[in-house]
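Novice: Here it is: the structure, laid out below.
Numbering (the numbering used here), first residue to last: 1120 to 1276.
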């Protein structure tokens, strides 16, 4: 399992700026405030059109939303495409959690996105814990966050 811990990539000012962002929802005509996720572990995952691994990641995050504690919150952020290209990806994956469009300000704050899917992991206070580059299986989510997403109990006891 590879979780990259970030020390100096996001300076405190950038993290504070992230908390104040209002991002356009890709599922309706509202905006999503990053402060809505205060008090939760946030899995902020970037996706783009025509990315099969992004599709798989969204399916895992659907499972996370359904089977894990509500304190573990996925959020998909669409990049490198128009809303008309991003929305069908969400519909195809039947996304059951919030999804937003990445804004130029968000992209400036996080810097270069090395590949998609790419997930930033924030603690309940909004501090960056680390990043995950590539696809994260549900079992990996469970092992990273056992207090929020315990494995199912064995039928043998």
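Think of the CB as a built atom: it goes at the ideal place given N, C-alpha and C, for glycine as much as any other residue.
Keep in mind the model is a prediction, meaning the values are calculated, not measured.
What is the residue span of the beta strand (DSSP E) that residue 1143 lies within?
Specialist: Here the question's residue 1143 lines up with position 24 in the chain shown. That run of the beta strand (DSSP E) goes 1141-1143.
Novice: Just to confirm my understanding: we take residue 1181, look at its own chain, exclude 5 residues before and 5 after, and list those with CB closer than 6 Å. What are they?
Specialist: Along the chain shown, read from residue 1 onward, the residue named residue 1181 stands at position 62. So the qualifying residues of the chain are 1215.
Novice: Kindly list the residues whose CB is nearer than 6 Å to the CB of residue 1165, restricted to its own chain and excluding five residues on each side of it in sequence; keep chain order.
Specialist: The sequence position of residue 1165 within the chain shown is 46, counting from 1. Once the five neighbours on either side are set aside, the close Cβ partners of residue 1165 are 1196, 1198, 1232, 1235, 1237.
Novice: Would you mind reading off the limits of the alpha helix (DSSP H) that contains residue 1212?
Specialist: As a first step, residue 1212 is located in the chain shown; it is residue number 93 there, counting from the start. Where residue 1212 is concerned, the enclosing alpha helix (DSSP H) stretches over 1202-1212.
Novice: Rounding to the nearest angstrom, what Cα-Cα distance links residue 1217 and residue 1140 in this structure?
Specialist: To locate residue 1217, count along the chain shown from 1; it is residue 98. To locate residue 1140, count along the chain shown from 1; it is residue 21. The straight-line gap from Cα to Cα measures roughly 15 Å.
Novice: Only counting the same chain, and skipping five residues up and downstream in sequence, which positions put a Cβ closer than 8 Å to that of residue 1269?
Specialist: The residue given as residue 1269 occupies position 150 in the chain shown. The residues are 1261.
Novice: Any contact between the stretch 1200-1216 and the stretch 1242-1252? By contact I mean 3 or more CB pairs, one from each, below 8 Å.
Specialist: Judged by Cβ distances under 8 Å, the stretch 1200-1216 makes no contact with the stretch 1242-1252, as fewer than three pairs qualify.
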